[in-house]
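Everything below concerns the one structure shown next.
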Amino acid sequence: MSKRKSSSASEKASKRRRPEEEDEEEEEEDGERPVNDQEHPLLNNQLQSTRDVVSDAGIVESITLKNFMCHSLLGPFTFGPNVNFVVGNNGSGKSAVLTALIVALGGNAHATNRGLSLKGFVKEGEGSADVSITLRNIGRDAYKPDVYGSAVTVDMRITRDGLRTYKLRSKSGQVVSTKKEELLSILDNYNIQVNNPVSVLTQEMSKYFLHSKGEGDKYKFFMKATQLEQMKEDFVYIKTTKHVTEDKVGQHNECLKELKRKSQEKEDQYKSLASLDDLRSKLEELQKQMAWALVNEMEKDLEPLKQELEGNKRSTEKYDEKVQEWKNKVEEAEKRYKQIQEKLEDITQQVQELQPKCAELKAEAHKWNTLIKTSEVTAHRCKTNLRDLEKDKAQLSSRIKDLKLCISQTSGAESQARAKRIEQIQTNLENLRHQISTLGQQIDQYELASSRAKEEQGKMRKEQEGLIRAIEANKRNLQIMESSRSNRLRRFGEHMPALLNAVEEAYRKGQFKQKPRGPLGYLISLKDPELALAVEVCLKGQLQAFTCDNYDDEKVLQGLMSKVFPVGRRPVIITSHFLPHVHDTRKKAVNHPKYPSMLQALEIEDPVVANCLIDQKGIESILLIKNRTEARGVMQGPNPPRNCFQAYSKEGDQIYTNRNYTADQTRANYLSGDVEEEIRHLQREMENQEAQANRFQQQMNRLNDNIKQNEALLRNSHVEQKTTNNKATKLELELTDLQNVEEPQSEDLRPLEEDLQEIVTKIASKRAELDEAHAKMADLNVSYEKADQEYKQHKEQISTIAVEADSVKDDLSKADQDVMKCEHHKKHYDEKRTGHLRGIQTLEGELKKKEEELQASIGKATEICPERVAVRRSARSLDSEISRLKVKISTQQEQQGDPVEVLRQYHEALESYRNMAQQMKNLNSFIKSLDKVMNERLQVYSELRRFLSARCKYYFDSMLAQRGYSGNMTFDHKNETLSISVQPGQGNKADLSDMHSLSGGERSFSTVCFVLSLWAITEAPFRCLDEFDVYMDMVNRRISMDMMLKVAAGQRYRQFVFLTPQSMSSLPESRLIRILRLKDPDRSQNNSQRDEEEQ
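Take 704 as the starting number for the sequence shown in my numbering and just add one per residue.
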């Protein structure tokens, strides 16, 4: 190999000098490796002459890749300070190292030509990619050496979402910053330009440049590489900023004119000051009139108050009349209540008087029933005797028949036939009589059974109707209970939730002055659940009632009820003034040491509800005693509790001091606590009632069947009895005729006939006795029916009286409500009268206060103007004119002001004008200076562009000459084009031709020459070149390599990184050259690498 040429002395003198440092370890290694003097003698001389030079700040010391692109781990790679070769086959990671360098130092993904976004650099299947780059930070260009030390480490992480984060560490590994702005400052300090193709020329950019046919692209490449493009953009920005400044100067000129106008106005004000005495005198006169005008108006305001007070005093009599009227109505209602109560007591007394008579009639009916049964026994005994006599008669008749048969044989056929006929008639007649008796007994039995069945059927029908009503009531209660599971309000009626919603909506709209409370039962709760029935029986309809504060609210609530309750009973409305506290009932309340009052047994949070129940029912004076016996003993004893007029037991019994009443209901419907238990109880009760109703129905069906059967048997018995009587009558007539025929009697036959006659007599006697017993039974039945009828009538009378008592109870309840209503109205008018009197007192106080204010106002007016002024204008008019005058005076003072203030404002306006004028003068001067500087800079820019173009041409021709080529570079700065022509070979063998007519190796060599020429005229701490020799043959590759090594030797403080698939085994051994060999890719596993360093 030919020897390398050393760089010229002028080129060396133009470079910056770096501090010289020497590494002992590197000296030892350099001494151990021999140099191939035969192949690179000139290059070795240059390398040996630069062994003590230290590289510049900003070079790359090491780089590490993790999960970047398709590589799990690459590095760490340690780069040398001067020349570095990264060699390896395709796929080993060379381009990944260069791409990571660009991205980690702030380059975008598009600049790498390896992807469209950063997330594409994360290895498939991983969450992030990491790149770590260490930059040298020594020398005079070091960046914050006291913070970072001798090295700056840039740690970059790219997430799967394409997010890029940085950590900037010092030499010791401490994180100094995580902001990209800090990284940009570091890159600017080092002049690192990863997006500049001269600093980092990627494989794709190299191919693009080789194959590019546009002269404009080459020119842009030159401008960007030399940073002339950035200078041009800066000039454009400065020019734009200058135009903006000129626009602002134009705007400030207008402001300057306005400031000048204001300063002239202030000057005119200063010159035109005038006196304001006339306006002040007029204002003083108006203020005097204003003082007495206020006195006049206050005197006028007193008159309506006095008139109102007189009117209120006169209307007090009306309130007194109303109070007296309702007091009389209360007395009448109480009197009517006492009358109804006395009537109820009379009815109760009648019932108590009728009870013994009812028991007596019941005993009487039982006695007659017992006698009937005794008569039935007697008749049965007679019937038995009669049957025995009939048997004896039949036996005697048989003997007499036999004797007569013997006689008939001797007396003739006629006598025999007649005797036989008589005997036959008697037998038939006896049978018919027995049958008639039996039919009579059957008829009596059928009639009695039928009447008793009908009576029992009537009783059962009444009980069944009552049971059906009870079942229907329980069904309604069960439905209410089931619906109250989710809403307890439904216990008080299925329409109650809708009513409360309507009340809430109306209150929200402001239709109520005070929100009505109700239903009252929903707003109270029991401390002891066992007293639920007692409280419910006592309060009755009050549980569903509502209370209003005034009659206007009552009308609104009635309207809502008419909509929600279209038919049926509506809840009661109680109107009473709402108070924020509960009544003081200590004087009127019952206080028992053992038993609570109803007020004490209830939990009532709302004082309005508590006051309503106290006013309406007097719950503070009602005792609740669970045991009814104890309740009677407490209330009806010698010393009943003080202030207590009634008590209730847990069964709902109402006990007064002289009487007591039993409750109609057995369970609480509204206040029971356990809904499920109530539902189960109602279901069990309904099941029992339905079973009882089924039994009643079955009994009724059986009774109907019995009645029908008895009536049919009775009809048949009557018909049969009539037929049998007719037959008996005919046989008796025929027997009489036959017996009247005389026949001779035998002596032996006569005693038997006498016995027979005696038995017949006894039979007749017994039959008469039996008929008498039947007759007696009939009489007894009549007496029993009469006694039973009287008992029933008496019982019905008691029931009627009980029904009347219920009606009287209802009347008593209504009368009680009337009393409460009248008391409520009386209380209402009492409160209105009290409020009216309070209003009078308030008016009197207000009148007194107004009179005092009037005297004070007169005193103030006298101080302002001792003599009273006749004022015809109103205070409002005077006040308006005074305000207008004050505004006018104030305006004139503001416009003119006192001389000191006007003078001060004048000087301020003049100063502002002068300052603005000076600023405008300075800005105009700055714009002129900027124009001058920009013109100079543009001239320098043109000279620099021309100088860099000339240098680039020179270095390009020098590089081509080393291969024996000749070429030409033509810059057209006006049209921004760069034309490159290259002539391969020696001399003038051919004309200069465009680079596209060259072979691939020649074009690559020409490109290397162009790049090296740009390297020579630009500054950067490191330069990277990817696969620069891809299209070169061995000769061009060797010449290009020598040229690049020569340039690197001439720029010892710069770092060069070359990426190539060649082995580079022919390079000379030197401590300034470092070769990083990448391991061949393993297709079956993740990519790995090894770092082989050679010096």
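Glycine included, C-beta positions come from ideal geometry on N, C-alpha and C.
Just so it is clear, the structure is predicted and the values come from calculations on it, not from any experiment.
Membership of P1200 in the alpha helix (DSSP H) is indicated by the continuous run 1199-1211. Partner residues in the beta bridge of Q1357, as assigned by DSSP, are Y1351, Y1364. In the DSSP assignment, Q1758 forms a beta bridge with F1725.
Going by DSSP, G1224 is part of no alpha helix (DSSP H) at all; its letter is neither H nor E. With a cutoff of 8 Å on beta-carbon distance, E1239 and L1246 are scored as near each other. Collapsing the DSSP output to three states places I1630 in a helix. Assignment of P848 by DSSP, reduced to helix, strand and coil, places it in the helix class.
In this structure, L1132 keeps its C-beta atom at 8 Å or more from the C-beta atom of L1455. Taking C-beta atoms as the reference points, S1583 and M1001 fail to come closer than 8 Å. Using a 10 angstroms sphere on the CB of I1171, the tally of other CB atoms stays under 16, which defines it as exposed.
Contact check for I1543 and K1016: beta-carbon distance about 6 Å, within the 8 Å limit, so the pair qualifies.
Ranked by Cα distance from E1472, the options C1085, A1292, R1155 are led by C1085. Counting the other CB atoms within 10 Å of its CB gives H1610 a total below 16, which places it among the exposed residues. The residue from P1724, A1723, I1776 with its alpha-carbon nearest to that of D1745 is I1776.
An exposed status is given to N1618, since fewer than 16 other beta-carbon atoms sit within 10 Å of its beta-carbon. Contact check between the stretch 1339-1348 and the stretch 1356-1369: three or more CB pairs, one atom from each, fall below 8 Å, which counts as touching.
Looking at T1019, D1675, Q896, N1294, the one whose alpha-carbon comes closest to that of Q933 is Q896.
Assignment of H1284 by DSSP, reduced to helix, strand and coil, places it in the coil class. Apart from sequence neighbours up to five positions away, the residues of its chain that approach A996 with a beta-carbon distance below 8 Å are V1574, R1576, S1577, A1578, L1581, ordered along the chain.
A direct Cα-Cα distance of roughly 24 Å separates E1166 from Y1487. Residues of the same chain with a CB within less than 8 Å of the CB of E1393, apart from the 5 flanking positions on each side, are I1174 in chain order.
For the pair Y851 and R843, the Cα-to-Cα distance works out to about 14 Å. In the assembly as shown, G917 is an exposed residue. Its beta-carbon has fewer than 16 other beta-carbons within 10 Å. Per the C-alpha coordinates, the member of M1199, L1434, M1301 positioned closest to M1264 is M1199.
Our two residues, N999 and G1014, have alpha carbons roughly 24 Å apart in a direct line. Residue nearest to K1243 within the set R1757, I1322, L1181, L866 is I1322 (criterion: CA-CA distance). Going by DSSP, N892 is part of the alpha helix (DSSP H) stretching over 883-893. Scanning the stretch 1505-1531 from its first residue to its last, no whole alpha helix (DSSP H) run of 4-plus residues comes out. A check of alpha carbon separations from E1020 across N1407, L1540, L1633 identifies L1540 as the nearest. Taking K985 as the centre and dropping the five residues before and after it, the same chain places the C-beta of L1588 closer than 7 Å to its C-beta, in chain order.
Taking the Cα positions, N1627 is about 8 Å away from V952. In the DSSP assignment, R1777 falls within the beta strand (DSSP E) that extends over 1776-1780. For H813, the uninterrupted alpha helix (DSSP H) segment begins and ends at 812-815.
Less than 8 Å separates the beta-carbon of C1655 from that of S1716. Counting C-beta pairs with one atom in each stretch, the stretch 1054-1070 and the stretch 1121-1129 have fewer than three that are closer than 8 Å, which means they do not touch.
Straight-line spacing of the CA atoms in H1083 and K1489 works out to 25 Å.
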